[in-house]
Amino acid sequence: MLERLARPAPMRTNFVELRESRLLKHPLRLSGEYRRPEDDVLVREVRAPYAETTTIRAGAATIARDGKSPRTVPLSRAPELAGLQASFGALLSGDREQLESHYTASSDGTRQDWVLTLVPRQAALAGKVRDITLHGRGAELRCIETRSPGEADPQRTLLASAATAAAEIADASRFVAICHGADAAD
Numbered sequence: 393m394l395e396r397l398a399r400p401a402p403m404r405t406n407f408v409e410l411r412e413s414r415l416l417k418h419p420l421r422l423s424g425e426y427r428r429p430e431d432d433v434l435v436r437e438v439r440a441p442y443a444e445t446t447t448i449r450a451g452a453a454t455i456a457r458d459g460k461s462p463r464t465v466p467l468s469r470a471p472e473l474a475g476l477q478a479s480f481g482a483l484l485s486g487d488r489e490q491l492e493s494h495y496t497a498s499s500d501g502t503r504q505d506w507v508l509t510l511v512p513r514q515a516a517l518a519g520k521v522r523d524i525t526l527h528g529r530g531a532e533l534r535c536i537e538t539r540s541p542g543e544a545d546p547q548r549t550l551l552a553s554a555a556t557a558a559a560e561i562a563d564a565s566r567f568v569a570i571c572h573g574a575d576a577a578d
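First residue of the sequence shown? That's 393 in our numbering, and the numbers climb one at a time after it.
Written out as structure tokens, the structure is:
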């Protein structure tokens with residue numbers, strides 16, 4: 393599976409997220425782009441409803457928002473970001489050994505409709521992320537579900553063709569269905 397997912401740098405893909413919170417009446421819809429300009433750099437650019445760019449490189453995450461000074465946080469203070477970089481880096485380079493050094497991995501499904509579940513090995517990351525479930529079709533990673541300890545529902549990020557399919561969808565149940573493999577018209 394990892395060989396099919398491997399994408400050498402530079403690469404990019406669009407994303408859409410619906411963030412749910414007890415503090416919000418309706419889910420917050422984020423859209424933007426993930427980029428990997430170099431093997432050891434991951435960039436997450438939110439374009440709507442606000443502009444924010446997070447760049448992870450050299451053991452630090454730099455967060456830049458329009459009209460504000462960028463701030464840099466060491467990844468040792470943000471284990472979930474270090475875990476994100478490690479998992480994306482390993483997936484996109486097809487490096488099973490690196491992936492399994494950070495996560496216990498299990499897979500399910502077929503070559504055309506698959507699920508890969510990652511459970512953090514390090515306590516610092518496990519304190520922030522219970523598990524990460526990746527959904528895909530063939531060689532395409534379509535959805536990332538990240539579960540935090542104590543949270544019933546995961547945070548979902550649609551990627552590539554799934555992000556395109558969800559371009560006009562705000563309904564959380566349709567968003568989940570697309571994440572789990574349905575087409576927008578299903």
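Even for Gly, the Cβ is constructed at its ideal location relative to N, Cα and C. Only a predicted model underlies this, so the values are computations on that prediction, with no experimental measurement involved.
Straight-line Cα distance separating residue j from residue i
i      : j      : result
Thr454 : Pro471 : 14 Å
Glu430 : Asp545 : 32 Å
Asp505 : Ile570 : 12 Å
Asp500 : His572 : 13 Å
Ala515 : Gly542 : 15 Å
Arg411 : Gly459 : 24 Å
Val507 : Met393 : 10 Å
Ser485 : Pro400 : 6 Å
Thr538 : Ser461 : 29 Å
His418 : Ile536 : 21 Å
His494 : Gly519 : 14 Å
Arg488 : Ser498 : 12 Å
Leu415 : Asp432 : 35 Å
Pro441 : Val568 : 21 Å
For residue i, the nearest candidate out of the options (CA to CA)
i      : options                           : result
Val465 : Gly459, Gly451 and Gln477         : Gly451
Thr509 : Glu492, Ala516 and Lys520         : Glu492
Leu422 : Ala443, Arg503 and Arg428         : Ala443
Phe480 : Glu560, Arg427 and Val568         : Arg427
Pro402 : Val507, Leu434, Leu394 and Gln547 : Leu434
Asp575 : Leu420, Ala440, Gly528 and Ser498 : Gly528
Thr405 : Ala456, Arg548 and Arg534         : Arg534
Ser468 : Ser461, Leu517, Asp487 and Val438 : Leu517
Arg436 : Leu473, Thr538 and Glu395         : Leu473
Ser413 : Gln547, Val568 and Glu560         : Gln547
Proximal residues to residue i (C-beta, below 6 Å), its chain only, five neighbours per side dropped
i      : result
Leu483 : Leu397
Val408 : Ser423, Leu550, Ala555 and Ala558
Ala456 : Thr445 and Pro462
Short Cβ contact (8 Å threshold) for residue i with residue j
i      : j      : result
Arg513 : Thr496 : yes
Ile448 : Gln490 : no
Glu532 : Ala558 : no
Arg503 : Gly530 : yes
Arg522 : Ser540 : yes
Residues of its chain near residue i, where Cβ-Cβ distance is below 8 Å and the 5 sequence neighbours each way are ignored
i      : result
Glu395 : Gly486
Ala564 : Leu410, Glu412 and Pro419
Spatial neighbours of residue i in its chain, beta-carbon cut-off 7 Å, leaving aside the 5 residues before and after
i      : result
Ala562 : Arg421
Val438 : Leu422, Gly424 and Glu444
Val511 : Tyr495, Thr496 and Asp523
*What are the start and end residues of each continuous beta strand (DSSP E) run of 3 or more residues lying completely inside the segment 427 to 506, in chain order?*
434 to 440, 444 to 449, 452 to 457, 463 to 466 and 495 to 501
- Query: Which runs of the alpha helix (DSSP H), 4 residues or longer, sit entirely within the segment 501 to 568?
  - Reply: 515 to 518 and 552 to 557
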